[in-house]
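*Asks:*
In our numbering, the protein residues as written are 990 to 1205.
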């Protein structure tokens, strides 16, 4: 399958430009750091940090979903995952790491083409990418790993349902404990979550999802 072209190839924080500032949000106060690995926005990694004394701090790694996080699309759980992660990290400390990589790294244009296939042909997000000749989840975590190493994190509690993220971090030598992040499905998001569970291998409670699908 083809992979979307990605500008910028540097993966080391030592090669990245960075800037930090204090930021106050509805969740509380944190430190925002931008790591810029190239000339385009998708080459940036954002890190929100909240002080913590935990030896295994809470970490969330999330990639952008403009339709869900900005426009509040109902057919995914991305905004709700962001909201829950930010609440938990600001409550107890930790790190929220944000990849500007919409469409699971395939880009917004590919994502919207996939959504159109869902509208017109009923394809789920996995099968739509296959139809487009794109790897269903082309995200790479080398830059995220470089940021974690720069922060000095060798063991973390990772907010995720995605075993690929856990595997990527563990393969780099980081000790990972998983903290589940399942969002209650809605009739609009249940089929998307079922595709995540059955085709992407996400660690989700099938009984919750199936109930919403059957209730549609």
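Cβ atoms here follow ideal geometry from the backbone N, Cα and C, with glycine treated the same way.
Under the DSSP definition of a beta bridge, which residues are partnered with residue 1087?
*Replies:* As a first step, residue 1087 is located in the chain shown; it is residue number 98 there, counting from the start. Partner(s): 1035 and 1051.
*Asks:* Here's the rule I'm using: 16 or more other beta-carbon atoms within 10 Å means buried, otherwise exposed. How should residue 1100 be labelled?
*Replies:* Here residue 1100 refers to the residue found at position 111 of the chain shown. By the 10 Å Cβ count, residue 1100 comes out buried.
*Asks:* Which residues in the same chain as residue 992 place their Cβ atom closer than 7 angstroms to its Cβ, once the five residues preceding and following it in sequence are excluded?
*Replies:* Within the chain shown, the letter at position 3 stands for residue 992. Its pLDDT being 39, under 50, residue 992 is placed unreliably in this model, and the value from its coordinates should be taken loosely. The residues are 1124 and 1127.
*Asks:* Return the CA-CA distance between residue 1022 and residue 1010, expressed in angstroms with no decimal places.
*Replies:* Working through the chain shown from its first residue, we reach residue 1022 at position 33. Working through the chain shown from its first residue, we reach residue 1010 at position 21. Roughly 7 angstroms between the two C-alpha positions.
*Asks:* Can we say the segment 1090-1099 touches the segment 1040-1051, given the rule of at least three CB pairs closer than 8 angstroms?
*Replies:* In this structure the segment 1090-1099 does not touch the segment 1040-1051; the number of beta carbon pairs closer than 8 angstroms is below three.
*Asks:* Are there 16 or more other CB atoms within 10 angstroms of the CB of residue 1170, so buried, or fewer, so exposed?
*Replies:* As a first step, residue 1170 is located in the chain shown; it is residue number 181 there, counting from the start. Burial call: buried.
*Asks:* Which runs of the beta strand (DSSP E) fall wholly inside the segment 1172-1204 and span at least 3 residues, in chain order?
*Replies:* Listed in chain order, nothing qualifies, since the segment 1172-1204 has no complete beta strand (DSSP E) run of 3 or more residues.
*Asks:* Just how far apart, CA to CA, sit residue 994 and residue 1096?
*Replies:* Taking the chain shown and counting its residues from 1, one reaches residue 994 at position 5. Taking the chain shown and counting its residues from 1, one reaches residue 1096 at position 107. Annotation note: pLDDT 34 at residue 994 (below 50); position unreliable, no value reported.
*Asks:* Report the three-state DSSP secondary structure of residue 1043 (helix, strand or coil).
*Replies:* Position 54 of the chain shown holds residue 1043. Here residue 1043 sits in coil by DSSP.
*Asks:* Cα separation between residue 1069 and residue 1183?
*Replies:* The residue given as residue 1069 occupies position 80 in the chain shown. The residue given as residue 1183 occupies position 194 in the chain shown. C-alpha separation (whole angstroms): 17 angstroms.
*Asks:* Let me confirm a value: residue 1018 is counted as buried when at least 16 other C-beta atoms fall within 10 Å, else exposed. Which label applies?
*Replies:* In the chain shown, residue 1018 corresponds to position 29, counting from 1. Exposed is the call here.
*Asks:* Tell whether a beta-carbon distance below 7 angstroms holds between residue 1066 and residue 1195.
*Replies:* Locating residue 1066 in the chain shown gives position 77, where the first residue counts as 1. Locating residue 1195 in the chain shown gives position 206, where the first residue counts as 1. Their beta carbons are not under 7 angstroms apart, which means residue 1066 does not touch residue 1195 by this criterion.
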